[in-house]
Amino acid sequence: MVVNTIHWFRKGLRLHDNPSLKDSIQGSDTLRCIYILDPWFAGSSNVGINRWRFLLHCLEDLDASLRKLNSRLFVIRGQPTDVFPRLFKEWQINRLSYEYDSEPFGKERDAAIQKLANEAGVEVTVRISHTLYNLDKIIELNGNQPPLTYKRFQAVINRMDAVEMPAETITSEVLKNCVTPISEDHDEKFGVPSLEELGFETEGLTTAVWPGGETEALMRLERHLERKAWVANFERPRMNANSLLASPTGLSPYLRFGCLSCRLFYFKLTDLYRKVKKNHTPPLSLYGQLLWREFFYTTATNNPCFDKMDGNPICVQIPWDRNPEALAKWAEGRTGFPWIDAIMTQLRQEGWIHHLARHGVACFLTRGDLWISWEEGMKVFEELLLDADWSVNAGSWMWLSCSSFFQQFFHCYCPVGFGRRTDPNGDYIRRYLPILRGFPAKYIYDPWNAPDEVQKAAKCIIGVHYPKPMVNHAEASRINIERMKQIYQQLSCYRGLGMDVYIWDSPPFDLRTEEASRMRGETSSSNLKKSRRFSLQAPLTQRICLTHGNSLNPEVVVVVVVVVIISIPFIFFQLSNFREWAGAYHPLCCRANNNKYNCCLFVLFFLLLFVCFKIAQ
């Protein structure tokens, strides 16, 4: 029997490490590689022009690679559920292959296609290659629940089999016994469309900073790994003036679209670490960054509400404000804070911003200044970010807004100090906000403080040519910290809402380091002390309730141990059988015959109990 095969490309837009494609080729007589493009979806979805351009570049590159193998890419217009019954019949298909999609929407879509294939008698081949591990296996090993802390996640994957080696790259040798029927009007029927054909206005569109495609991804990977010292010593969170700009070795959009295999990257890193004899401890190493990606995929795979508050069992239900005007100013880079506006301008122009820049604008929108829901920020990132991934994007926004995975709400990024310490001269601001180019470095981050003569000399009057700050950061952040404090105090009254999710171990880029505190603008020791004092104001029951699974918070253990150490020997001393032991071994009891000292010990003991009781309240 003649075996006619369709391979359905979705994310894994590559020929290297594509096990579903490789397996489907074996024994096939014909192969058609397709990508299904819904024209209606192109015009209505929350995806910006830069992301669409990147995708089209990926498809063009994939088609060019297939041409070298005497094959082509077939771009089909329509809905998958409408397209496949027609293709099964028209091309007499009896085998279908595609890469496993772990996201809830993808699983629902694939189940519908699987049903259509079964009805048509089409064999389906599905392989995992967009993640390092089988996410369902991770959940199974964790008691059929996703691990909700990074440490727990690491513990589970340490029990799993090693990461599979990348599959063999598809070459002409692999395809030698399999042909692709190509008609003369292929480009007209199945060619990759242009942005204009999809209804986008391209006038004024700048040159792509991030060209899409597998070819570009592999070149970037090689350049990336050539920087052996940088890769070996990579540790987040770090940022400087140069890292704010798009790097020719950046890989995140290519991993998101599957132009680059995460397994290939993983094993390339393994080889490099072995050669330089460098430890690679997660979560801050490059290994750790891949594992954080896996962590968010795992927590999201069975949670269709992962990208929203409503119905999301791992998200704190915070009563955010609705303020469309403020949201628009933030999204369009009109907040009046040059650091925030420059970041959002770069994002809109290029489709990428540094990870700590993402932290800064996310904190500003949510718990830092504007008190607007993380869902709104996530939608903007989904539209503009080339590497916006449903699971990672939603998970990161929940984390940055202290809605899940992270609860240190008393740490806020300063929209002035954060940037100033990263790029003291303000070159980044001048690049993306040329209206402020004339300001000296002293005022480039807070131009509203510049004297009138400085503003006139810079040819930029604040409030006329550039907006005044839309919010008083010091006041807004103080109020919002108090709001978060009250919310978490309310949550502390009961163990959790379905899952124990309200405190998490080290976040992907640990905001508790001294360097990260400096980057946020918390430079003085007094500021850091204030933050730490504030953290201790949270009730003890909050820190007990907001725990890892059923284990107690270390702060609770310390308090209990101190009370026990001080009180037990004193109590023992009151018993005559222990008088000699206590006098010898417990320094507080050496003068126990002194009635006044005995009274002091009683007072100290009950004072400690009173303090613990008040903290617990």
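Residues 1 to 617 in full-length UniProt numbering are what the sequence shown spells out, letter by letter.
Cβ coordinates follow ideal geometry from the N, Cα and C atoms, glycine included.
Since the model is a prediction, treat every value here as computed from it, not as a measurement.
Original post:
Helix or strand or just coil, what does DSSP make of phenylalanine 364?
Top reply: Judged by DSSP in its simplified three-state form, phenylalanine 364 adopts helix.
Original post:
Counting pairs of Cβ atoms below 8 angstroms between the segment 396 to 403 and the segment 309 to 326, do you hit three or more?
Top reply: Flag = yes, the segment 396 to 403 and the segment 309 to 326 touch.
Original post:
Roughly how far, in whole angstroms, is the beta-carbon of cysteine 259 from the beta-carbon of glutamate 214, given that I think they are within contact range, below 8 angstroms?
Top reply: The C-beta separation of cysteine 259 from glutamate 214 comes to about 5 angstroms, placing the pair in contact by the 8 angstroms criterion.
**OP:** In the DSSP assignment, find the beta strand (DSSP E) that holds valine 316 and state where it starts and stops.
**Re:** Note, valine 316: premise wrong, no beta strand (DSSP E); not H, not E.
Subject >> For isoleucine 182, the residue or residues it bridges with in DSSP >> reply: For isoleucine 182, which the question treats as bridged, DSSP gives no partner whatsoever.
Original post:
On the three-state DSSP scale, how would you describe asparagine 550?
Top reply: A caution first: asparagine 550 carries a pLDDT of 34, below 50, which makes its placement in the model too unreliable to give a value.
Original post:
When the Cα atoms are used, what is the spatial distance from tyrosine 432 to leucine 225?
Top reply: Approximately 30 angstroms, taken between the alpha carbons.
Original post:
Tell me which same chain residues have a C-beta within less than 6 angstroms of the C-beta of tryptophan 504, skipping the five on either side of it?
Top reply: With a pLDDT of only 38 at tryptophan 504, under 50, the local geometry of the prediction cannot be trusted, and no value is derived from it.
Original post:
What is the DSSP secondary structure of asparagine 480, counted as helix, strand or coil?
Top reply: DSSP, reduced to helix, strand and coil, places asparagine 480 within a helical segment of the structure shown.
Subject >> phenylalanine 337 versus tryptophan 374: straight-line alpha-carbon distance, rounded >> reply: Rounded to whole angstroms, phenylalanine 337 to tryptophan 374 spans 20 angstroms at the Cα level.
Original post:
So, using beta-carbon positions, are phenylalanine 381 and tyrosine 413 closer together than 8 angstroms?
Top reply: No. Outside cutoff.
Subject >> Counted within 10 angstroms of its Cβ, other Cβ atoms place histidine 465 as buried (16 or more) or exposed >> reply: By the neighbour-count criterion, in which a residue is buried when 16 or more other Cβ atoms sit within 10 angstroms of its Cβ, histidine 465 is exposed.
Original post:
What whole-angstrom Cβ distance do leucine 132 and valine 163 have, given they're in contact under 8 angstroms?
Top reply: Yes, they are in contact, since the Cβ atoms of leucine 132 and valine 163 sit about 5 angstroms apart, within 8 angstroms.
Subject >> Bridge partners - glutamate 99, DSSP secondary structure assignment >> reply: Glutamate 99 is bridged to Arg127.
Original post:
For histidine 7, which residues from the same chain have a beta carbon less than 6 angstroms from its beta carbon, with the 5 sequence-adjacent residues on both sides left out?
Top reply: So the list reads Leu21, Ser24, Cys33 and Ser97, once near-sequence residues are dropped.
Original post:
Taking DSSP as the reference, what is the three-state secondary structure of valine 192?
Top reply: Three-state result, valine 192: coil.
Original post:
Quick one: Cα of glutamate 201 to Cα of serine 28, how far?
Top reply: Between glutamate 201 and serine 28, the alpha-carbon positions lie close to 42 angstroms from each other.
Original post:
Taking arginine 14 as the reference, which of Ser477, Met1, Pro424 and Leu264 has the closest Cα?
Top reply: Ranking Ser477, Met1, Pro424 and Leu264 by Cα distance to arginine 14 puts Leu264 first.
Original post:
What do you get for residue 620, buried or exposed, if any count of 16 or more other CB atoms within 10 angstroms of its CB means buried?
Top reply: In this structure the chain extends from 1 to 617, so residue 620 is not present and cannot be described.
**OP:** Under 8 angstroms by Cβ, that's how I've got aspartate 409 and isoleucine 481 pegged, so tell me the actual separation to the nearest angstrom.
**Re:** Note that residue 409 is phenylalanine in the sequence shown here, rather than aspartate. Taking the Cβ atoms as the reference, phenylalanine 409 lies roughly 6 angstroms from isoleucine 481, within the contact range of under 8 angstroms.
**OP:** Taking 8 angstroms as the threshold, find out whether the segment 415 to 431 comes into contact with the segment 321 to 340 through three or more Cβ pairs.
**Re:** They touch, by the three-pair rule.
**OP:** Could you say which of Ile157, Phe88, Glu108 and Asp321 lies nearest to asparagine 118 if we only look at CA atoms?
**Re:** It is Phe88 whose Cα lies nearest to the Cα of asparagine 118.
Subject >> Boundaries (first-last residue) of the alpha helix (DSSP H) holding asparagine 393 >> reply: Counting along the chain, the alpha helix (DSSP H) containing asparagine 393 begins and ends at 390 to 400.
Original post:
Between which two residues does the beta strand (DSSP E) harbouring histidine 411 extend?
Top reply: Note, histidine 411: premise wrong, no beta strand (DSSP E); not H, not E.
Subject >> Reduced DSSP secondary structure (H/G/I, E/B, other) of histidine 7 >> reply: DSSP places histidine 7 in the strand class (E or B) of the three-state scheme.
Original post:
Which residues mark the beginning and the end of the alpha helix (DSSP H) in which valine 276 is found?
Top reply: That run of the alpha helix (DSSP H) goes 262 to 276.
Original post:
Out of His130, Glu123, Tyr254 and Gln154, which has the shortest C-alpha to C-alpha gap to isoleucine 138?
Top reply: It is Gln154 whose Cα lies nearest to the Cα of isoleucine 138.
Subject >> Cross-strand partners of leucine 37 (DSSP beta bridge) >> reply: The secondary-structure analysis by DSSP pairs leucine 37 across a beta bridge with Arg77.
**OP:** Report yes if the CB atom of cysteine 460 is closer than 8 angstroms to the CB atom of glycine 426, and no otherwise.
**Re:** No, Cβ-Cβ distance for cysteine 460 and glycine 426 is not below 8 angstroms.
Subject >> Rounded separation between leucine 347 and arginine 227 - CA only >> reply: Computed Cα separation, rounded: 26 angstroms.
Original post:
Is the segment 99 to 108 touching the segment 59 to 78, taking contact as three or more C-beta pairs under 8 angstroms?
Top reply: Judged by Cβ distances under 8 angstroms, the segment 99 to 108 makes no contact with the segment 59 to 78, as fewer than three pairs qualify.
**OP:** Please state whether DSSP places methionine 219 in a helix, a strand or coil.
**Re:** Correct three-state label for methionine 219: helix.
**OP:** Determine the DSSP secondary structure at tyrosine 466, reduced to helix, strand or coil.
**Re:** In the three-state DSSP reduction, tyrosine 466 falls in the strand class (E or B).
Subject >> Whole-angstrom distance between serine 477 and proline 146, CA atom to CA atom >> reply: Pairing proline 146 with serine 477, the inter-Cα distance amounts to about 33 angstroms.
Original post:
Taking the C-alpha atoms as reference points, what is the distance between tyrosine 488 and histidine 411?
Top reply: Cα to Cα, tyrosine 488 sits roughly 15 angstroms from histidine 411.
**OP:** Return the residue from the list Thr299, Leu608 and Trp52 that minimises the CA-CA distance to proline 193.
**Re:** With distances taken between Cα atoms, proline 193 lies closest to Trp52.
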